[in-house]
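> Take a look at the following structure, please.
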Amino acid sequence: MSQRVIKFWQKRSLRFWLTSGLCITVAPLLVFTLVSFTYINSQIIAPLITLSNEQSEIVQPINELQVAILDVSNSITKFTIDGQLSHQEEFTREAQQIDAAFAQLATIHNVGHQQLLSDLNQAKAQ
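Position 102 (the sequence shown) corresponds to 102 in the UniProt record's numbering; numbering is contiguous.
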């Protein structure tokens with residue numbers, strides 16, 4: 001039996017030995033790559049995506065508020081220059097947008113505080 005095994009391995013070609021050596025050399029690299037990808041994805045990338053989504057929920061109303069304030073300023077300037085009533089209508093519409101942006105920001109702000117307080121209470125309980 002051992003002679004058969006020895007002859008089997010001796011009959012293998014140089015191509016077989018080079019291919020198997022290459023596979024043995026590259027296999028740990030592939031395993032390390034897969035393990036590190038899954039670790040980095042779960043421990044670093046996924047929390048960053050979650051955090052960026054939470055921050056965008058807060059930043060979006062602030063950006064809308066800034067744009068609405070600039071639009072109000074433009075409509076006031078145009079009304080001062082032209083005196084047309086259409087600019088006054090723009091002003092009231094943009095003022096309503098500002099109020100809506102403040103309301104949206106207030107609700108997000110309160111939800112964020114409630115979540116932080118619940119996290120703090122949970123940490124204190126531990």
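By construction, the Cβ of each residue, glycine as well, lies at the ideal position given by its N, Cα and C atoms.
(1) For Gly83, which of helix, strand or coil comes out of DSSP?
(2) What's the call for Pro61, buried or exposed, on a 16-neighbour Cβ count within 10 Å?
(3) Going straight from the alpha carbon of Phe16 to that of Trp9, what length do you get?
(4) Just to confirm before moving on: does the CB-CB distance between Ala125 and Ala101 stay below 9 Å?
(5) Hey, Gln97 and Glu64: beta-carbon distance below 9 Å or not?
(6) Determine, using beta carbons only, whether Glu94 and Val59 come nearer to each other than 9 Å.
(7) Where Thr50 and Gln84 are concerned, what is the direct C-alpha to C-alpha distance, given to the nearest angstrom?
(8) Use the C-beta contact count for Ser36: other C-beta atoms within 10 angstroms, 16 or more gives buried, fewer gives exposed.
To lay it out plainly:
(1) coil
(2) buried
(3) 10 Å
(4) no
(5) yes
(6) no
(7) 47 Å
(8) exposed
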